[in-house]
Every structure is written in C-alpha cells, then in structure tokens.
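All letters in the sequence shown, in the order written, are residues 756 to 1011 by the working numbering.
For reference, the structure discussed in these notes is given below.
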Amino acid sequence: MTSEKRRPIIAGNWKMNTTPEEGAALAESVLNQSMQVPDLDMVVCPPFTGLHAVAERLTGSSVSLGAQDMHWESDGAYTGAISAKMLLTLGCRHVILGHSERRTIFGESDDHVNRKIHQALTTGLLPIVCVGESLDERESRRTEQVVTVQIRAALSGISEGQMEGLVLAYEPIWAIGTGRVATPEQANSVHHHIRSLVEAQFGAHVSSAIRIQYGGSVKPDNAHELLSQPDIDGALIGGASLEADSFIAIAQAAVS
C-alpha cells in the first residue's frame, strides 16, 4: 500500500429498494453522469435481486458493482444466504459487511463480520467494513470504546497484504436514516481514531493509505463540509443514493 493522497470512494447502498428494472434505470443514470466526476472510485450496491440487471448496465464502465451482504461460507445448507462466489459470478467487486442494520436488526456479531471479511478477501471481493455506535453509546461517551472493539474484531487475523483494497466505513447508528448527522469535527475525530487503530495493528504505511468512508444521512448540502475533513475519504450513502442527481452531487463534493 502507498502513502500517496488517498483516492476518494463513494458508494451507494440502495438497501431494500428498487426492482431490477428500477435499479437498471438508476444505474444507467448514474453511469451517464459519472463522467462528470473523475479521480474517484464509485460503487453502487443494489439488492440481490437487482445485481444482474445493474451489472449489465455497468459492464466495462468505471462504476463498480457491490453487494449489500454475503455469507461467510462458500456454499452449503444456508437457506436464503448468498456466497462470495455467487456475487463474483454476477460481476460484483465490492461487498458491504457489518452494516449497523445487519448488526442490530439481524443480530450479526463481531465474529460473524470477521468471518465474512476473511471469506470476501479470500475469494477476491473488496469489503466495505462498517462500524459505529448507537445514540446511547455516543451520549455515554463510549464511542471510541465501541468502535475500538468493532475494528479490532473485524480486522482480527487480517494480514497487511489483505488490507490492500479494504475500505472502512464509520456509520454512527444514530445518524443513519434519521436526518441527524455528526458534525464534521465529530466524524473526523472518530475517523482519526480508527486510523490510529489501524496504525497500531499494521503500521503507519497502511494507516495512511486505508480509506475510511463516512455514512449517516449524507446529502448534497452537507457532503462538502464532511468530505473536506482530512481523515474522511468518501461516503457510504443510503437514501441520497436512490437518485442519481444527489448521488453524483455528493461524489462531486468529494473531489471539489
């Protein structure tokens, strides 16, 4: 990994939205406008049912395809689960792992997240690994403690070489889909803490290169202030990624 200026990465998490037809149309609109935003990486993450249709629109383009989750096993009797091999076959390059909605709604543990990360890296998928605290944890001043536990668990057993391409995403749970957003200073402080944890485990060479996204009600009107912070290298976007214009506006804020 190099310590040159980090290339921003903007990812859209469409969550449980869009039919395959709607997703294909949205992907095409994003793709048509993506030429306006050079010098950054752009990823869209449709629901599983839309991956094939979106992949057909993105093939050969600079916009990468990502999935919203995957199982830690390569195959087997796991009804409803999706494997890394399946995602790769559909053209996925990235996969979101450890999103707070997976942790809080579906009961995913730190161990589950770690096992998924290992499987993704082993098969060649690039994970976007999410961490973040609840409102109660923020108000009781346990943000750094919570994030430290999540980061250390997520990266347990990961080698320095495997960190190449891995993306971290700080998503305060209290700011996801609520309209509330961490101040730029609050967000950057946690990003800086995460970077220090990576440095302690892998050294300054890796920590200076790792990209850390911010997620949590990111919109065009607050994106520039957030993304201009020194330790924030992009955004993991929920609702605002469901419209191409707002998604591209946030991407433009990352390079302006």
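For every residue, glycine included, the Cβ atom is placed at its ideal position computed from N, Cα and C.
In this text the structure is predicted, and so the values were computed from the model without any measurement.
At the level of alpha carbons, what is the spacing between residue i and residue j?
i	j	result
Glu-940	Gln-874	34 Å
Met-790	Ser-817	9 Å
Ala-930	Ser-819	26 Å
Asp-1000	Ile-765	14 Å
Val-886	Gly-912	18 Å
Leu-845	Arg-896	42 Å
With DSSP as the reference, label residue i as helix, strand or coil.
i	result
His-854	coil
Asn-772	coil
Ser-1001	helix
His-826	coil
Pro-802	coil
Ile-949	helix
Arg-907	helix
Could you tell me if residue i is buried or exposed, where buried requires 16 or more neighbouring beta carbons within 10 angstroms of its beta carbon?
i	result
Ile-860	exposed
Asn-943	buried
Gln-900	exposed
Pro-802	buried
Arg-858	buried
His-960	exposed
Asn-787	exposed
Ser-962	buried
Does the separation of the CB atoms of residue i and residue j fall below 8 Å?
i	j	result
Glu-926	Gly-970	yes
Cys-847	Ala-808	no
Val-902	Ile-949	yes
Ala-839	Thr-878	yes
Val-1010	Val-785	no
Arg-761	Ala-990	no
His-849	Leu-880	yes
Which residue wins for smallest C-alpha separation from residue i, given the options the options?
i	options	result
Ala-1008	Glu-998, Val-973 and Asp-986	Val-973
Met-918	Gly-767, Glu-954 and Ile-992	Glu-954
Leu-781	Thr-878, Val-792, Leu-806 and Lys-760	Leu-806
Asp-830	Gly-934, Val-850 and Lys-871	Lys-871
Glu-892	Glu-783, Val-904 and Pro-882	Val-904
Pro-775	Glu-811, Gly-862 and Arg-761	Glu-811
Asn-768	Ile-1003, Ala-1004, Ile-1005 and Ala-995	Ala-995
Val-922	Val-936, Ile-906 and Thr-933	Ile-906
Ser-889	Leu-880, Leu-910, Ser-855 and Gly-916	Ser-855
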